[in-house]
Amino acid sequence: MRVKFIVIAFLFVFVFFSTVSAQVDYADVARTHWAYDAIMRLTDLGILSGIRAADGRYYYQGTDPLNRYQAAVLIDKLLNYVDETYMGRDPSDLPVSDDALRARLQQLELAMTDRSGNLVQMASVLERVRSIESQIERIAYEGVPNGNFATVDDLDALKRQVVVLVDRISYASRDVDNLSEKFAALDKALGDINQSLSRQINIVGTDVTELHQSVRDIERNLTRVMENYVSKDVLADYITRSDLSSTLRLYVGVGDLEDLENKLSADLARIEDTTSDLSTRLANTNRTIANIAAEVEANKAAVEEVKEIGPELSAMKSDISSLRSQLNDLTRANAASFSVLREGMDELSDMTGHNAEKLEELDSLIQ
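The sequence shown begins at 716 in our numbering and counts up by one.
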């Protein structure tokens, strides 16, 4: 009975099956696979079976986990095979003698020992396999429960947040660059306007100076001309009518006065034109100054917006630094967790290889 249960335990670990009839050729088991002979032998005995797909072929699905229902069917088939083949038969009907059977059982029991000479406890092996599988599944979907690690979904969510923040900072940086360019252009425009105003003011100042000089010249000419004349009252008091005609020959006539009036009128018209031109220039200058003042007021609002963006950019940079730190911590923590899992998988791989060797020895003994 002990050998019987050992055989059942080995088959329980290494053979995966489903619920269809035997005597099939599995589409997913290559003839070069290390377990091909064992799978086909057990299939021929009716202990293993595969799954028939829609294409009419059978699949063994050897990488799928073994559940309790499948284990119950497998053990039941194996017990029935042992009962039908060996139980209730006369010892003389057995194909081997008692001594040969004992020798083969001893060899089989020897094959069931590990490298240290201890009997392999398949229940312990199965328990460790189930524990490792559950740990892998839990870590893959829930994360390690001590709070030091995050799940794959958490990492993906964190990456998405980092991408969003980086995009926001990129847009904000471009806005700041655009504002900087606008301020640079505004400074240049203000400089050009100031230079233009300076030139216009210099021109206006020169024109005003020339106008004052022209007025002073006219006043001097008028004073010099008027010095040669006297008023009518003075003439009435000091000269007689008879002497007036002869005396007037010595003075400027009406024609001369008309010429002087025309000259003064021309000078006055020129002064008025110059004054009108200066007034126009002054009005244009005032409008330019008003436009500059309006642009300065408009740019004050943009400057205030830039000042308001500053704290937001600082907060975003702080958030990104924090997220990067969290991502690095999570990456290092998950690397440690995956290292532990890798060690468990390596250990499981070693156990699987060793048990595969034992299975081959078992197959040779059963044959």
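Glycine residues also receive a C-beta, built at the ideal position from the N, C-alpha and C atoms.
Here the structure is a predicted model, which means the values were calculated and not measured.
Cβ-Cβ distance between L760 and Y796 below 8 Å: yes
Close beta carbons around Y751, own chain, < 8 Å, minus the five adjacent residues each side: V744, A745
A766, DSSP secondary structure in three states: Contrary to the premise, residue 766 reads as Ile rather than Ala in this sequence. Strand at I766.
May I ask you to report which of helix, strand or coil DSSP gives Y796? helix
If you reduce the DSSP assignment to three classes, tell me which class S784 lands in. For the record, residue 784 in the displayed sequence is Tyr; it is not Ser. Here Y784 sits in helix by DSSP.
Does the separation of the CB atoms of I762 and Y774 fall below 8 Å? no
Are the beta-carbon atoms belonging to V919 and R996 less than 8 Å from one another? yes
Does the stretch 901-920 touch the stretch 995-1015, meaning 3 or more C-beta pairs lie closer than 8 Å? Yes: the two stretches touch, three or more of their Cβ pairs being nearer than 8 Å.
Taking the Cβ atom as the reference point for each residue, do T758 and V788 lie within a distance shorter than 8 Å? no
Have a look at T921, N782, D892, Q850 and flag the residue whose alpha-carbon is nearest the alpha-carbon of D992. T921
Buried or exposed by the 16-neighbour rule on C-beta atoms within 10 Å, applied to L793: buried
Simplified DSSP state of Y774, which is helix, strand or coil: strand
For S764, count the other beta carbons within 10 Å of its own beta carbon; 16 or more makes it buried, fewer makes it exposed. Which is it? buried
Leaving out the 5 sequence neighbours to the left and right, which residues in its chain are closer than 7 Å to S736 when beta-carbon positions are compared? A caution first: S736 carries a pLDDT of 40, below 50, which makes its placement in the model unreliable, though a value can still be read off. Excluding positions up to five away in sequence, the list reads S764.
Can you give the Cα-Cα distance for T656 and A998, rounded to whole angstroms? As displayed, the chain neither begins before 716 nor continues past 1082, which places residue 656 out of reach and without an answer.
Name the DSSP beta bridge partners of Y751, please? None, per the DSSP bridge assignment.
Measuring straight from C-alpha to C-alpha, what distance separates A768 and L1045? 43 Å
Are V879 and I1035 closer than 8 Å when you measure CB to CB? no
To the nearest angstrom, report how far apart I1097 and R845 are at their CA atoms. Because the chain is modelled from 716 through 1082, residue 1097 falls outside the range shown and cannot be assessed.
Between the C-alpha atoms of N917 and I1004, what's the straight-line distance to the nearest angstrom? Rounded to the nearest whole angstrom, the C-alpha separation of N917 and I1004 is 16 Å.
With distances taken Cα to Cα, identify the nearest neighbour of N1006 among L1042, D988, L912, S1037. L912
Alpha carbon of D1065 to alpha carbon of E1075, nearest angstrom: 16 Å
Between the Cα of Q928 and those of A900, R756, T989, spot the shortest distance and give me the residue it belongs to. T989
Proximal residues to L926 (C-beta, below 6 Å), its chain only, five neighbours per side dropped: Cβ within range, chain order: T989.
Is there a Cβ from chain C that is less than 8 Å from the Cβ of E987? Structure shown: chain C not included; a single protein chain is present.
Candidates I933, P780, Y741, S980: which alpha carbon is nearest S849's? P780
Roughly how many angstroms separate the alpha carbons of M755 and N782, rounded to a whole number? 21 Å
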